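Protein chains in written order, with our numbering: chain A, 1 to 206; chain B, 1001 to 1206.
All C-beta atoms in this analysis are idealised placements derived from N, C-alpha and C, irrespective of residue type, glycine included.
Predicted model, so just to flag it, every value in this text is computed and none were measured.
In what follows, a single structure is set out as structure tokens and then discussed.
There are 2 protein chains.
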Amino acid sequence: MTNQVKTRKKRDTHEKRQVILEGAVKVFIESGYDVSSMDKIAEVAGVSKRTVYNHFQSKENLFQAVVNDFLKQRDQQKPIEYSKTRSLEEQLKEFAEAELYLIDDPIRRGLSKFLTSVFVMDIEFGKKVRGQVKSPHESFINWLNSAQADGKLQFQSVQLAAQIFYGLVEGCLTYNALFSDGASLKFKEPILTELVSTFVSRYGVE
Amino acid sequence: MTNQVKTRKKRDTHEKRQVILEGAVKVFIESGYDVSSMDKIAEVAGVSKRTVYNHFQSKENLFQAVVNDFLKQRDQQKPIEYSKTRSLEEQLKEFAEAELYLIDDPIRRGLSKFLTSVFVMDIEFGKKVRGQVKSPHESFINWLNSAQADGKLQFQSVQLAAQIFYGLVEGCLTYNALFSDGASLKFKEPILTELVSTFVSRYGVE
DNA sequence: ATATTACACTGTACAGTGTAGTTTAATTAT
DNA sequence: ATAATTAAACTACACTGTACAGTGTAATAT
């Protein structure tokens, strides 16, 4: 005899899960991991604490889910292909703008801040998470190689050139935005232009 | 009649205070503000918890003292003067190295990490603290103006040029060191050279 | 039948205090 | 100079109150 078990279609709990995640994001962003209590998260999500624990085993677990969600979003950016016809400046600016995607919206910027505070104090965890994500540098390195093959750029080491570019973007824009909660982005245009122009001064051919 | 009170010279408690501060630094660096307990700090400092509270009113207070100590140290760097005879590259490298002072020693780097985690989650506090400290940019801006007056550099906006330089240094070196706990500093030399060279490509005359 | 809620409850960790006794060092007496 | 005196600094330890992670359960909503 087969072990026939009456099974019933489970209800869709996706919505509640999402509500909890959004609440968790709000609270984590507001106060950081340690200060955020599960009671507060439940309250902000508009859900009983027990329901939070029915969806997520533990606070650690909920945090991981928040991180994974964020990384999934981040990975959905489409790569930028090298174009022979468009100007270098225009294309470089696109790479820079793509990097700013993480900080130009209050929630994504909040998460970036929050994760910065976590990663900087837990190097191992930060390394682990960064290992799960494909770095935007890869795509840029391909672009740089194409530009060199096309005779528009000239460099000794692609790695070094890529580090200079992302250093410029992050150092001049990303981190300032994180520490000013986005206020510095009001003046981003001149910096963006200057930074691209600096890169081209160094590596552009004539 | 004067209210003559037999007063006794107070004992020097500077040493204990210092021991407590050092213990607090160790513990804060290790775990961040919220996770660090006053019991743990007392234990690491080798001092009774009551003594900690005899020196510092509260945990918040102790934290402030740690921050002030760190800022005092940071302020003691001597300014770099413009020289007509030394090469631009050499002098720029000195500015970059001065910036790396904050992260080239494990304890200072630990404190930089710790403060980054605090400031990024409490913008107002970060602003307040940064307002108390004279920025190294000021000194660099003077240098840039001297170099322009000397006909060696050429730029539209000093502010922008300074932002590019510190963006390069922080983006390429400082933050990577923070997130890798200094591991990235092993390869700092080529980056330092490249970054200075990039800056000179953009703003150098001929 | 499954998901959710309200609510009470456990255990733990921790900031901060109170106190009584001990150590240390500046002052005073020898 | 040396020893006794004394107040300041320190320690051990018990204690208060609070906040919070996580659980158990019975009732309710879907």
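Using a Cβ cut-off of 9 Å, pull out every chain A residue sitting near residue i, in sequence order please.
i	result
K1113 of chain B	V120, M121 and I123
S1160 of chain B	In the sequence under discussion, the amino acid at residue 1160 of chain B is Leu, which differs from the Ser named in the question. Near L1160 of chain B (Cβ distances below 9 Å), the residues of chain A are P190, I191 and E194.
Measuring CA to CA, which of the options is closest to residue i?
i	options	result
Q1207 of chain B	B:I1029, B:T1174, B:V1052 and B:K1010	Since the first and last residues shown for chain B are 1001 and 1206, residue 1207 of chain B lies out of range.
D1075 of chain B	B:V1133, B:G1167 and B:Q1159	B:V1133
L1021 of chain B	B:V1035, B:D1034 and B:I1041	B:I1041
G1182 of chain B	B:S1146, B:D1104 and B:V1169	B:D1104
K1059 of chain B	B:T1085, B:I1080 and B:V1027	B:V1027
Q148 of chain A	A:V66, A:Y166, A:D34 and A:E206	A:E206
E1099 of chain B	B:E1043, B:K1188 and B:S1157	B:K1188
Y33 of chain A	A:V47, A:V67 and A:H55	A:V67
L92 of chain A	A:N142, A:S180, A:S157 and A:Q57	A:N142
G204 of chain A	A:K152, A:Q156 and A:S31	A:K152
Q1159 of chain B	B:G1110, B:S1139, B:S1036 and B:P1106	B:S1139
L195 of chain A	B:V1025, B:Y1175, B:T1174 and B:Q1163	B:Q1163
G167 of chain A	B:L1062, B:F1199 and B:D1069	B:F1199
S180 of chain A	B:E1030, B:I1123 and B:P1136	B:I1123
L1185 of chain B	B:A1161, B:T1085, B:P1106 and B:D1150	B:P1106
G126 of chain A	A:H137, A:P136 and A:F114	A:F114
R1109 of chain B	B:G1046, B:F1165, B:Q1064 and B:Y1175	B:Y1175
M121 of chain A	B:V1035, B:G1023, B:K1010 and B:A1024	B:V1035
E94 of chain A	A:L102, A:A24, A:T85 and A:I80	A:I80
A1177 of chain B	B:K1072, B:E1015, B:L1102 and B:V1118	B:L1102
D1012 of chain B	B:S1037, B:H1055, B:S1048 and B:G1046	B:H1055
S83 of chain A	A:E97, A:L144, A:S157 and A:G171	A:L144
L62 of chain A	A:K78, A:E170, A:G23 and A:G46	A:G23
K1072 of chain B	B:A1096, B:R1086, B:V1129 and B:E1090	B:V1129
S1157 of chain B	A:I191, A:F165, A:C172 and A:S135	A:I191
M1038 of chain B	B:E1030, B:I1029, B:S1031 and B:K1049	B:K1049
V1025 of chain B	B:E1170, B:F1070 and B:A1096	B:F1070
E15 of chain A	A:E30, A:A45 and A:I29	A:A45
I29 of chain A	A:G131, A:Q154, A:S197 and A:S117	A:S117
Starting from residue i, follow its DSSP beta bridges and name the residues at the other end.
i	result
L153 of chain A	A:G204
Using the beta-carbon of each residue, which ones in chain B are nearer than 9 Å to residue i?
i	result
E15 of chain A	The contacting residues do not exist; E15 of chain A stays about 30 Å from chain B at best.
G23 of chain A	The premise fails here: G23 of chain A is roughly 18 Å from chain B at the closest Cβ pair, so nothing lies under 9 Å.
Name, please, each residue of chain A whose Cβ falls closer than 8 Å to the Cβ of residue i.
i	result
Q1132 of chain B	Here the premise fails: no neighbours, minimum Cβ distance about 15 Å.
What residues of chain A sit near residue i, judged by a beta carbon separation below 7 Å?
i	result
S1117 of chain B	S117, V120 and M121
E971 of chain B	Since the first and last residues shown for chain B are 1001 and 1206, residue 971 of chain B lies out of range.
What first and last residue would you give for the alpha helix (DSSP H) that runs through residue i?
i	result
T174 of chain A	Careful: T174 of chain A lies outside any alpha helix (DSSP H) and carries neither H nor E.
V25 of chain A	H14 to S31
I1123 of chain B	I1123 to Q1132
L92 of chain A	L88 to L100
E43 of chain A	M38 to A45
R1074 of chain B	K1059 to D1075
Y1082 of chain B	From DSSP, Y1082 of chain B is part of no alpha helix (DSSP H); its letter is neither H nor E.
K1049 of chain B	K1049 to H1055
Give me the chain B residues within the contact set of residue i, using Cβ-Cβ distance strictly less than 8 Å, ordered along the chain.
i	result
V35 of chain A	D1034
G126 of chain A	F1179
What in chain B is Cβ-close to residue i, meaning under 7 Å?
i	result
Q163 of chain A	C1172 and I1191
S201 of chain A	S1201 and R1202
Compile a chain-ordered list of the residues in the region 1175–1199 of chain B whose CB is closer than 8 Å to at least one CB of chain A. Listed by position, the residues of the region 1175–1199 of chain B near chain A (Cβ gap below 8 Å) are Y1175, L1178, F1179, S1180, D1181, P1190, I1191, E1194, L1195, S1197, T1198 and F1199.
Of the residues that make up the region 1080–1105 of chain B, which ones have a beta carbon closer than 8 Å to any beta carbon in chain A? Using a CB distance below 8 Å, no part of the region 1080–1105 of chain B faces chain A.
For the region 42–53 of chain A, which residues have a beta carbon sitting closer than 7 Å to at least one beta carbon of chain B? Close to chain B, meaning a Cβ-Cβ distance shorter than 7 Å, is no residue of the region 42–53 of chain A at all.
Chain B contacts from the region 134–158 of chain A (Cβ-Cβ distance under 7 Å): The residues in question: there are none.
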